[in-house]
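Letter 173 of the sequence shown, counting from 1, is numbered 173 in full-length UniProt numbering, and no numbers are missing. Ideal placement from N, C-alpha and C gives every residue a C-beta, glycine not left out.
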Amino acid sequence: MEILIAALAAGAAGVVAYLIGVRRGRVAERAELNRYIHDNVLQALEAMAMRTPSDSVDAEAKLTEFRNLARAQAIALRRGFDEPAAGGRLTEDLAAVATDLARDGLRAQLVMADIDDQLPEARRKAVRDATREALRNTLKHAQTTQVTVRVEERDGGIVVTTRDHGVGFDMAERPRGFGINQSIIARLSQVGGYADIVSRPGGGTRVTLWVPK
């Protein structure tokens, strides 16, 4: 009888552990989906809203611009459905991100040291997407179109730092939104890294991303 009870207890514990694992997996998937929607669909809609045509603007030219933006986002979404290629280099990813955002007017200067930047796929993707979010924040909030992106090795990992000299913000008074909390900080934490954001009014903003190699 004692053996039977122990077996039943062990079985129940196993079922509970399984259900907890399933629930955590669903929560992680939901968080990743929310980040993807925020970083792509929402960003595209906000960009369109910021470009609302006025009476003095050629409506046909603006419609063409909207179509091009929608087409670019559709391509990005379709690319997201595909499995990312393994063995890629972070510097190549960041160069592609800078090229994408240049279409929106952001001029990113890439400063890349001669390092081994081949990261595990999950970490490379996390740094790439967090960097994209940091650059979009510069474009949307910093009132500048100039930003520096620096890539280097530090403390056994890879560091990507974005630095602008825009208007900045008071970190004590301005609550962190979804973009900073989820698309940057949580995304890096999920792969064993961290993000550090420093900003002050009139002093610009610096975002530091680190992941282990």
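Presumed contact (8 angstroms Cβ cut-off) between residue i and residue j, rounded CB distance
{"i": "Val151", "j": "Thr162", "result": "The Cβ separation is near 10 angstroms, so there is no contact."}
{"i": "Val191", "j": "Ala122", "result": "5 angstroms"}
{"i": "Val211", "j": "Val111", "result": "Rounded, the Cβ-Cβ distance is 18 angstroms, inconsistent with contact."}
{"i": "Thr145", "j": "Arg107", "result": "5 angstroms"}
{"i": "Asp170", "j": "Arg124", "result": "Not confirmed; about 33 angstroms, so no contact."}
{"i": "Leu209", "j": "Thr131", "result": "7 angstroms"}
Opposing strand residues paired with residue i [DSSP bridges]
{"i": "Gln146", "result": "Arg107"}
{"i": "Asp164", "result": "Thr205"}
{"i": "Pro212", "result": "Gly157"}
{"i": "Glu173", "result": "Beta-bridge pairing links Glu173 to no other residue."}
{"i": "Leu151", "result": "As written in the sequence, residue 151 is Val, which differs from the Leu given in the question. The partner list for Val151 (beta bridge, DSSP) reads Met112 and Val160."}
beta-carbon residue i near the ligand MN non-hydrogen atom, thresh 7 angstroms
{"i": "Gly157", "result": "Within the structure as shown, the ligand MN is missing, as the structure has no ligands at all."}
Opening and closing residue of the alpha helix (DSSP H) in which residue i lies
{"i": "Asp196", "result": "Looking at the DSSP string, Asp196 is not in any alpha helix (DSSP H); the run it does join, the beta strand (DSSP E), is Tyr194 to Ser199."}
{"i": "Ala95", "result": "Leu90 to Ala102"}
{"i": "Glu121", "result": "Glu121 to His141"}
Alpha-carbon spacing of residue i relative to residue j, whole angstroms
{"i": "Thr91", "j": "Asp117", "result": "7 angstroms"}
{"i": "His141", "j": "Asp114", "result": "32 angstroms"}
{"i": "Glu153", "j": "Arg174", "result": "31 angstroms"}
{"i": "Ser189", "j": "Gly105", "result": "30 angstroms"}
{"i": "residue 233", "j": "Gln182", "result": "The question about residue 233 has no answer, for the chain in this structure spans 1 to 213."}
{"i": "Leu119", "j": "Gln109", "result": "22 angstroms"}
Cut-off 6 angstroms between Cβ atoms - residues of its own chain near residue i, not counting five sequence neighbours on either side
{"i": "His165", "result": "Gly204"}
Sequence-distant residues of the same chain with beta carbon closer than 7 angstroms to residue i, five excluded per side
{"i": "Lys213", "result": "Leu119, Gly156, Gly157 and Ile158"}
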